[in-house]
Structure formats: structure tokens, C-alpha cells
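Each remark here refers to the structure printed beneath this line.
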Amino acid sequence: MIRVLIRKELLANLRTARLGLVAVLTVALTGLAVGMGSMEFSRNYTYYESRQRELSERRQEVTTWSQVQRATARVIIPPQPLGVLGRGLPGTAVQGAGFGVGRIPTMVWIDDQDYNRFLKVISEIDATMVIAVVLSFLAVILGFDGISGERERGTLKLLLANSVPRSHVVLAKLTGGVTSLWIPLALSYLVALVALLNNPDVVLEVDDWIRLSGMFLLSCLFLAQVLALSLMVSAFVRESSTSLVICLFAWLVGSVGYMNLLPSLSRYGVHERPSQEFRDGHARNREIFDGHMDGWDARHPAPAAAWLADVSRDGVRHFMHPEALTWRRDRREFEIDKLLEFADAEYKWWPEALAEEARLIDRWAILSPVTNYQILSYMLARTTFGDAWKIGAATRHYRLTWIEYLRSRGAFSDRRWFTDDPVGQQPLIPDPAGVTPGMLDADSPFMQARHAWADEQLQRIDANNRSLDLSDMPPFTATDAQRDLGGTLATMLPGLLVLLLSFGTAVIITFTRFNRDEPY
Amino acid sequence: MFPILWLTLADNLRSLRFQLSLVVLLCFFVGNGLVYTWKGERIAIENEQVANAGEKVYESVQSVSDAVGKRYRILSYHTGTEFVAEAGSDWFDYALNLMPATQGWQWFGSSRGTNGWLRRFEIVDWAFIVRYVISFLAIALTYNAISGERESGTLRLLLANPLPRAHVLVAKYLAHLMCLVAAVTVGGLVSLLMLGLSGTIALDGRVAVTFVLFLVATAVYASVFLLLGLAISVAAGRSATSLVTLILVWAFLIVVIPQTSRLIAVATVDTVGNGWDEAGELVDQTDAELKRAGVALRPLEWARDDGFDLEKRYARRYRQLDDATNEIHRQSMRGRVERYRRARLVNSISPGFAFQYSVEGITANGIQRFEHFEPQAWGYLKTLRRFLIDRDEADPESPHIHLFGQYMSQAPLDHRQIPRFVEDKLTVGESLSGARAPMVILLAEALAALWLALMAFHRADIAEAGDE
């Protein structure tokens, strides 16, 4: 019997123009969103590859430890293929973070190629949005007169006269409705899949396939939830027109309204330090650091100019005098310690409130089924703020490993910090004690002769022989910075629970209400 | 005609959907009042601190030589009507960080500490509320205006009156319009009251004028959807079909078009990149060139011997470089604005954004404010440089290598004489003429909707299908 009922519901839905209309619109919009997203993904992927290449080339060219920071202290995460479906915060953009001895990364940056503040005021469409707005509307339309409509038309009496258990009627309505909604949903996912699979840049791993099917299941659940909620309204309200008005307004407030009100409220509900305080704090930290260095310089006077003379090429010093090297090395060792302190002090000044606001959005999204669904999808696509935060945390962790590695190689106290000259290299001024100040003028015959000598020496340098071996540097793996399936599921748990609970509650309330009700 | 108007009005006021609409609208306007009270407080604190810090830089100036190497920060003004249309006030580059020295960098940035993570989201300003909610309510009020009467059989009675059909249409349209505009007026007053009582804004004539203009724009915008609703409600056989069609049209116009515009703009407008890489390369080239030629800056006492010959050559070359890099940054900014303009163009198809940009015109905010600010900011750099050079020329002791701090006048300089940045504000007249296109589009769309509704009314069947 229940099969007949479901068939009836399905046919009733399929025969109407609304389903066809919505299906066409949904598929067209998903196609548009995914097509453009996929193009964007390719663009970002090419950019990602060029960034990677640039970084590894820089790594090859490193000859001194001081250059290592520029070449290796950077983390880049490839664009997320599932960001095409659920753009979330970064969309398909390349994410990354830079750090240093004196800099602890706070959040990841979104590497936009061309950073445009103006476009920030314009939001973007994705498949999740289409489902959250358009298909959920269809679910409302299918559900709002589910019970009140049958009652008004008098068909409820006929139906119940067939000795059908009332629970079956509700069950059939739900199953029929979800099945009808499933058609445009499946079609949109099909379109999305075709677009993704046709893009040679997109490589979907097993993990991604699981996430993708998770997104599909989640969409089904979400639509069932909206349908059940509107059925619940129709069981309570006598007239279909009233039920429609209530459902529509709830939909408006829950989707577009809440989606946009939420960030405003979270933004200004959190205490945020005025930006000038950050600038002042930064200036203060800088001052403290400079104070330390000035103190050191006062305690350890530099050797005279004749000892310090050397030749600088591309940030590498050549022909340093051993005494100058010792002085510089001691200064460097002290500076590293103070830089680490500076970095910690700076980190305390970072805009913690900004992160808190963004995290509040993830948390408060639970309150509306539509935003809850969106954030859950973004969690699966790994594009929420929490995921960006994870990348930042992994980078901070990697920074410590990186510093540890440099320390273990003795980088901070090594002559190779400053120069790649071989040990025992003759300095620019071999006998500084015997040089008078006049000889040090740039255009003096002595200095000109020495520089000519230096140029000749530099001509003979084979940079390849001098490059630093960084092969044992612990690599940063992008997968460590991203949540694995277990992690994603754990973060999804509260949202999923709310989804399932509200779905279950809506179904139970509809049952009990309908069971007690008169059929006319 | 008037009886129909009064009847529809009375029906509306009594109906659940209108009462719900009012509640929803009020919620949004109260939200607006809350958000902008908080925001106003924050911005007030921030503005004061930033202004103080900026003034301190001027106060620390000792001499021309000193002033050249300082970093100044100039900000655009705070419009005070952001609660009507935020229009990117948080995001756009309303601050220029500048250094008069030839070797100083100039860069634009946001004038506020804004949370970049929240960029995806819109903020509840009045324009947003009307754009989304009023268009939706217009549909909710009209979707069964005619099809409902047909279903209940009252349409026959209505049209049995010796009245032209157009009058019926106009009466219904006016009644709904009055309801909506009244609701927005109430909501707007609530929000104004909250903001006024909290001291965020001064309730003066300017706000009143903005309010009235905003209501006019709202009326035109609401008309588009009311007339569209009436037209489809006549054309569609049943109320449910009418509603589905209307909501889909609404979703497409209000939600979808604006969300695709960014992607379209990025795909269709090529930009020259962010400018920094290109400029950096040029600097490296020039440095290498100068090094090859043996041209470098020397300590003052050495340079004095040959009358600053090398320094003059160095400065001349660097001035050319400065012009070139500034031009690169301007080009790159133009490219970014161009992209935004393209996205705006796509958006303008949607009545929602034609309305949004009209309101930006009314409040003298948005991209036209930025385009007004940008040349002024560059102009200030010029003024400041001119002032410092003139001061330097007046000092006979100075080597006169302009805009290279160490070779400029060391004579004491009173910081109060340094010109400060005073922005010429964008007037409403100028901004309205800049927003002509969206206003014309909005009006055209309202007229098109009117024409559609009239056509639909003239061809309408009175009876329900199958109702003989």
C-alpha cells in the first residue's frame, strides 16, 4: 500500500511544471557555477605550479644560510578541487603562509594572483549555494500543502478511508518528496562531475571521492530536513495559503536573511581592537628589539672600518676578514635570540578577535538549516575558516621544526650565514692594521686595486660548487595541514547532530499532530 | 478605482503575510540599527586614534630633510550614511600611505582595520534590506493578487464593474506600493531613531534628504517586482505556478546574477597584476644600471668635493624610475577598478543592483567616491613634494638634491606650515550624475514591468480554466 502512496506523490510532483522549472534552473546554475569554478581552478592550479617551481628554483640557488629564509620559509597549499562545489572562504585559490625566525604566521593568506579589494564586495556563486537557495525553495513548495492541501481538497478523507495507517501517509509524502527532489539534485551533481572530470588539472583522490559523496548525501539529508519542516507546518496550519506564507517567510529569513545577518552580528558582537593599537603595538615591539641591538653594539664595539671592508653581491658577503666574521657571528647569535622573542611578542598582538569572529560564523551557522548545510558542505570541501586556521597552525608548527633544523645544522653560528667563500679565503684587505684611513676612500688607488682583484676572483666563482645542501631539511607536507576525514567528521558532528535531530523532531511532530487531527 | 485601492489596502493590512512582512522588515531594520551603532562606536575610536597617530608624524618633523623620509597616512572621510549603503567603505582603498622621498613607496590600502575573512558576506545596510526583503515581499504580496481572485471567483465581480482594466491594475499596484513604502518608512525611522539616540549620527537635514531620496528609489524598485508579480499573477493559471515562477525569477535576478558577476569580471578583464613585481623588477634594473655606471650616493662631505655630481645623476635617474613605478601602480589600480566596474555592469542587469548603485549615488558613496579620492590622494603627494622642494630652495645651505632626504635643507621647519590633506568631498549632485546609468536602468525596468502588466491585464481571462 505504501508503495502506491509513494507512487502517487511522485507522479503528482513530476506532473507539475514547478519541478521541471526548478530542475532546469538548478542544473543550469550548477553548470554555470561549476564551469566557471573549474576554469578558475585551472587558472589557480597553473599559478600554484609556477609558485612551486619558483620556490624550488630558489632553493637550488641558496648558497648561504641567510638566504634560506627567503627560499624555504614559505608554505603553499594547492587549490582545493572540491572548492569548485563549495567555495567557502578560499574557493579554489592557492593558500599559504610565510614565516621566519622573527615572524610567526597567524592566518594563512589567500594568494589571489591579483589582489583586488574592490571585488571583495561581490560574492560568488557555488553549487552549494544553488542547492541551499533554489532546491530548498523547491522543498518548501513541495511540502507546504502536503497535509493542509489534501485536507482542503477533501482527498485526505478518501485517502484515509482506504484504511491506510496515517503514518504511511506522512512517510509516503516524505519519501515521494525526497525522491522528486533527488532528481534535480542528482542532475546537478552529474553536471558538476562532468565538469570536474573533464578538467585535466583536477585529480580526485579516494579521499576526495568520499568527500564528494558525503556532500551529495548531506544535500539529500538537508532537502529532507527542509521538506519535513514544511510538512510539519502544513500539519499544524488549517489553510494552505497560511502555511505557504509561514513557510516562505521562514525560508527567506533562514536562507538569505540569516546568511547575511549572521556575519554582521558576529562581526560587531565581538570586541575588536582598533587597528591603530596593532600598529602601535608593533612599533613598541620593534623599539624593544632595536633597544636590545643598540645595547649589544654598545657593549661590543665593531672592528674598525678596515676590518669590516668586504664585497657584497646579491646579499652574500665575500672576502670578509676573520675578525669581522667573528664579530658579525656573535652579533647574529644574539640577534637570533632577540628575534625569537620579538616574534613571540608580535604574535601576542595579532588580531585574535578577527579569527574569533570568523569562527563564530562557523559555530552560529547551526541556528539556521540553510547556513548549517552550507558550512557542513564547506567542511567537507575543506574550505571553512577552521580549515584555514588548521593550515596556519600547521605552519606555526613547521616553523619550529624549521628553526630546530637550522639550529641542528649550526646555521645561526656558522660562517655560512654570511658568506659562501671557502675557508681560508684571502680577505679584501689582508692586512687591515697597516691601512691608513685615506687608503680606504672608494677612489683611492689601493681600494681600486683591491676591488679589481675581488672582481677577478668573483668571476671565477662557480656557484654550483657552493650551493648549500638542503636535502635533509624536513619537508612541509600539505596533507598535514589539512584535516583528514576523521578530523572533518569530528568538526561536523555538532552540525550533523542538529540536522538529524531537527529532521527527526519535525517528522515525529508531524506524525503525532496528524494522528490526533480530524481529517477535515 | 479608489474603492479597489482601499479594499486592497484594507485586505493587505489584515493579511498574515503583510503582518509577517512588517515583523521581518522591522527585525532587519533593528539589526541594522544595532550593527551600525556598534560599528559607529568602533570607527569613532579608530578614527580618533588614527588621526592622532597621523598628526604625530607631522609633529615629529624637524626639517625638510627629515620630512622627506617620513611616512604619512592620509585617509578619506567617513560618510556618516554608511548605514544606508555601506558600498565598500570597509574594503575600498580609502587610505594612501605615502613618503615624499623619491625612493619612498606609495601604497593604497583600506582605511580601517577590517576582517578580510568576512569578505564573502554582505552587511545589513538599508540598501541590502530593501534589495532582498522588499523585492521578496513584493512578490509575496502580489503572486495571487489576480490568480487568487480568479480562483475564489471574485475576479468576475471585480471586472463586472464599469471600470477600465488598467484602473484595476493601477489600484492594486498603488495599494501594495503604499503598504511596502510605509513599511520601509517605519523600519527606516526605527533604525534612524536607534542610531540617533545612540549618538552615532546626527539627525539633520542631510539625513532627511537622504531618507526621502532613498524612499523614492525604494518605490521605483518595489514597483518592478510588484508589477512583475501582478503580470505573472494574471498570466499564470494558478497561484502556485505564479509563485514558483516569481520566486525563480527573483532568485535569478537578486541572488544569482550578482553572484556570477565576479567570476565573469575576472574571466573577461585582464589586469596587469598587482604592480609590485613589475615595479620591483624596474628598481632592480635601475640599481644594476647605476651600479655599472658607478653612480652612487656618497656621504655628504665626500660629495661636496665635486659639487654633488654623482648624486645629481643618481637623483635624475631615480626620479624617472619613480615616475615609472608610480605609473605602474596607477595602471594596476586602474585595472582593478576596471574589473570591479565590469562586475558592476553585469550586476546592473539585476534590478536589485541597479537599485543598490542608485542608492550609492544618493549617499555619494561607492566606487565614484573612490574615484574621486584617488586623484586627490596622488595630488596631495605632489603638493607635499612641491612644498618641501620650495622650502629647500629657500635654504642656501642645502645641496638641493630634491627629495633625497640627506641632501636637503637641514634648517628647522615648523610642522604647522606643512600642508595637510583636506579632501574635497564628493557632492550628492556629482555622485548622482555618476550613478545615472543604474538609475536609468532601474526606471526602464519599472516601465518594462508596467508594460508587461498592462499587456497581461488586457489579454487576461476572467474565468478559471474549465470553469464554464
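First to last, the protein sequences are chains A and B.
Take this note's numbering: the last position of the first sequence gets the number 550, and nothing is skipped along the way.
Take this note's numbering: the last position of the second sequence gets the number 1102, and nothing is skipped along the way.
Glycine included, each C-beta is placed from N, C-alpha and C at the ideal position.
Task: Interface residues of chain A facing residue 651 of chain B [CB-CB closer than 7 Å] - done: The residue given as residue 651 of chain B occupies position 17 in the second sequence. Chain-ordered, the chain A residues with CB closer than 7 Å to the CB of residue 651 of chain B read 275.
Task: Listed by chain order, chain B residues near residue 272 of chain A by CB distance under 8 Å - done: What you label residue 272 of chain A is simply residue 242 of the first sequence in a count that begins at 1. In chain order: 650.
Open item on the list: What would DSSP say about residue 348 of chain A, mapped onto helix, strand or coil?
Closed with: On the first sequence, position 318 is the one that residue 348 of chain A refers to. Residue state, collapsed to three classes: strand.
- [ ] Using the Cα positions of residue 205 of chain A and residue 38 of chain A, report the straight-line distance between them to the nearest angstrom.
- [x] Walking along the first sequence from the start, residue 205 of chain A turns up at place 175. Walking along the first sequence from the start, residue 38 of chain A turns up at place 8. Cα to Cα, the separation comes out at about 11 Å.
Task: Within chain A, partners of residue 757 of chain B - CB distance below 7 Å - done: Along the second sequence, read from residue 1 onward, the residue named residue 757 of chain B stands at position 123. Per Cβ cutoff of 7 Å: 294.
Task: Neighbour list for residue 665 of chain B in chain A, Cβ cutoff strictly below 8 Å - done: In the second sequence, residue 665 of chain B corresponds to position 31, counting from 1. Simply 291, 294, 295.
Task: Supposed close pair residue 24 of chain A, residue 172 of chain A - CB separation, criterion 8 Å - done: Nothing in the structure corresponds to residue 24 of chain A, since chain A is present only between 31 and 550.
Open item on the list: Taking CB distances under 8 Å as the criterion, tell me whether residue 308 of chain A reaches chain B.
Closed with: In the first sequence, counting from the first residue as 1, residue 308 of chain A sits at position 278. Answer yes: the Cβ-Cβ gap between residue 308 of chain A and chain B drops below 8 Å somewhere.
- [ ] Could you work out which residues of chain A lie near residue 920 of chain B, taking near to mean beta carbons separated by less than 7 Å?
- [x] Position 286 of the second sequence, counted from the start, is the residue given in the question as residue 920 of chain B. Going along chain A, no residue has its Cβ under 7 Å from residue 920 of chain B, so there is no contact; the nearest lies around 16 Å.
Task: For residue 35 of chain A and residue 199 of chain A, believed in contact at Cβ under 8 Å, the rounded distance - done: As a first step, residue 199 of chain A is located in the first sequence; it is residue number 169 there, counting from the start. As a first step, residue 35 of chain A is located in the first sequence; it is residue number 5 there, counting from the start. Confirmed, Cβ separation roughly 7 Å.
Task: Boundaries (first-last residue) of the beta strand (DSSP E) holding residue 739 of chain B - done: By one-based count along the second sequence, residue 739 of chain B stands at place 105. Segment: none, residue 739 of chain B is in no beta strand (DSSP E) and carries neither H nor E.
TODO: Go ahead and label residue 50 of chain A buried or exposed: buried means 16 or more other beta carbons lie within 10 angstroms of its beta carbon, across all protein chains shown.
DONE: For the purposes of this step, residue 50 of chain A is taken as residue 20 along the first sequence, with counting starting at 1. By the 10 Å Cβ count, residue 50 of chain A comes out exposed.
Task: At least three beta-carbon pairs within less than 8 Å, the stretch 871-887 of chain B to the stretch 777-788 of chain B - done: yes
TODO: Determine the chain B residues that contact residue 342 of chain A at a beta-carbon separation under 7 Å, and present them in chain order.
DONE: Translated into the one-based positions of the first sequence, residue 342 of chain A becomes position 312. Here the premise fails: no neighbours, minimum Cβ distance about 11 Å.
Open item on the list: Using a Cβ-Cβ cutoff of less than 7 Å, which residues in the same chain neighbour residue 118 of chain A once the five nearest sequence positions on both sides are dropped?
Closed with: If you number the first sequence from 1, residue 118 of chain A lands on position 88. Here the set comprises 408, 411, 413, 414.
Open item on the list: Taking 8 Å as the threshold (beta carbon to beta carbon), is residue 539 of chain A in contact with chain B?
Closed with: Within the first sequence, the letter at position 509 stands for residue 539 of chain A. So, not an interface residue.
Open item on the list: Considering just the uninterrupted stretch of the alpha helix (DSSP H) at residue 832 of chain B, what are its terminal residues?
Closed with: As a working note, residue 832 of chain B is residue 198 in the second sequence. Unbroken run through residue 832 of chain B: none, as it is neither H nor E.
- [ ] Measure from the C-beta of residue 262 of chain A to each C-beta in chain B and report whether the shortest distance is under 8 Å.
- [x] Counting from 1 along the first sequence, the entry for residue 262 of chain A is found at position 232. By this cut-off, residue 262 of chain A is not an interface position.
Task: Validate contact between the stretch 877-896 of chain B and the stretch 126-138 of chain A using beta carbons, cut 8 Å, 3 pairs - done: no
TODO: Please classify residue 28 of chain A: is it buried, with 16 or more other beta-carbons within 10 angstroms of its beta-carbon, or exposed?
DONE: Residue 28 of chain A is absent from the model: chain A starts at 31 and stops at 550.
Open item on the list: I'd like to know whether the C-beta of residue 81 of chain A is nearer than 8 Å to at least one C-beta of chain B.
Closed with: Position 51 of the first sequence, counting from 1, holds the residue named residue 81 of chain A. Taking Cβ atoms only, chain B never reaches closer than 8 Å to residue 81 of chain A, which makes this a no.
- [ ] Select from B:770, B:679, B:1041 the residue whose C-alpha is nearest the C-alpha of residue 863 of chain B.
- [x] By one-based count along the second sequence, residue 863 of chain B stands at place 229. Ranking B:770, B:679, B:1041 by Cα distance to residue 863 of chain B puts B:770 first.
TODO: Can you give me the start and stop residues for the beta strand (DSSP E) that residue 171 of chain A sits inside?
DONE: Sequence index remark: in the first sequence, residue 171 of chain A carries index 141 (1-based). It is not in any beta strand (DSSP E) - residue 171 of chain A instead sits in the alpha helix (DSSP H) that spans 166-173.
Open item on the list: Just verifying my parser: in three-state terms, what is the DSSP assignment at residue 130 of chain A?
Closed with: Within the first sequence, residue 130 of chain A is the residue found at index 100, counting from 1. In this structure, residue 130 of chain A counts as strand in the three-state DSSP scheme.
Task: Local Cβ density within 10 Å of residue 927 of chain B, reported as buried at 16 or more and exposed below that - done: Position 293 of the second sequence, counted from the start, is the residue given in the question as residue 927 of chain B. Label assigned to residue 927 of chain B: exposed.
Open item on the list: Are the CB atoms of residue 983 of chain B and residue 1021 of chain B within a distance shorter than 8 Å?
Closed with: The sequence position of residue 1021 of chain B within the second sequence is 387, counting from 1. The sequence position of residue 983 of chain B within the second sequence is 349, counting from 1. No, these two residues do not count as a Cβ contact at 8 Å.
Open item on the list: Between residue 304 of chain A and chain C, is the shortest Cβ-Cβ distance under 8 Å, so that the two count as touching?
Closed with: The question asks about chain C, but that chain is absent: this structure's protein chains are A and B.
Open item on the list: Which residue wins for smallest C-alpha separation from residue 698 of chain B, given the options B:1038, B:1012, B:935, B:718?
Closed with: In the second sequence, residue 698 of chain B corresponds to position 64, counting from 1. Residue nearest to residue 698 of chain B within the set B:1038, B:1012, B:935, B:718 is B:1038 (criterion: CA-CA distance).
- [ ] In the DSSP assignment, find the unbroken beta strand (DSSP E) run with residue 709 of chain B in it and report its ends.
- [x] In the second sequence, residue 709 of chain B corresponds to position 75, counting from 1. Counting along the chain, the beta strand (DSSP E) containing residue 709 of chain B begins and ends at 706-709.
TODO: Establish whether the CB of residue 770 of chain B and some CB of chain A are separated by less than 8 Å.
DONE: The residue labelled residue 770 of chain B in the question sits at position 136 within the second sequence. It does: the Cβ of residue 770 of chain B has a partner Cβ on chain A nearer than 8 Å.
Task: Per-residue contacts from residue 154 of chain A into chain B (C-beta, under 7 Å) - done: Taking the first residue of the first sequence as position 1, residue 154 of chain A is located at position 124. Per Cβ cutoff of 7 Å: 893, 896, 897.
Task: Inter-residue spacing [alpha-carbon to alpha-carbon] between residue 951 of chain B and residue 83 of chain A - done: Locating residue 951 of chain B in the second sequence gives position 317, counting from the first residue. Locating residue 83 of chain A in the first sequence gives position 53, counting from the first residue. Looking at the two C-alpha atoms, the distance is approximately 34 Å.
TODO: Determine the DSSP secondary structure at residue 778 of chain B, reduced to helix, strand or coil.
DONE: Stepping through the second sequence from its first residue, residue 778 of chain B is reached at position 144. Looking at residue 778 of chain B - three-state DSSP - the assignment turns out to be coil, as it is neither helix nor strand.
TODO: Verify the CB distance criterion: does residue 977 of chain B have a CB-CB separation below 8 Å to chain A?
DONE: The sequence position of residue 977 of chain B within the second sequence is 343, counting from 1. Residue 977 of chain B counts as touching chain A.
Open item on the list: With a threshold of 6 Å on Cβ separation, who are the neighbours of residue 688 of chain B within its own chain once the five nearest residues in sequence on each side are excluded?
Closed with: Counting from one through the second sequence, the residue named residue 688 of chain B turns up at place 54. Result list for residue 688 of chain B: 707, in chain order.
Open item on the list: Measuring straight from C-alpha to C-alpha, what distance separates residue 724 of chain B and residue 764 of chain B?
Closed with: Sequence index remark: in the second sequence, residue 724 of chain B carries index 90 (1-based). Sequence index remark: in the second sequence, residue 764 of chain B carries index 130 (1-based). Each residue's alpha carbon lies about 21 Å from the other.
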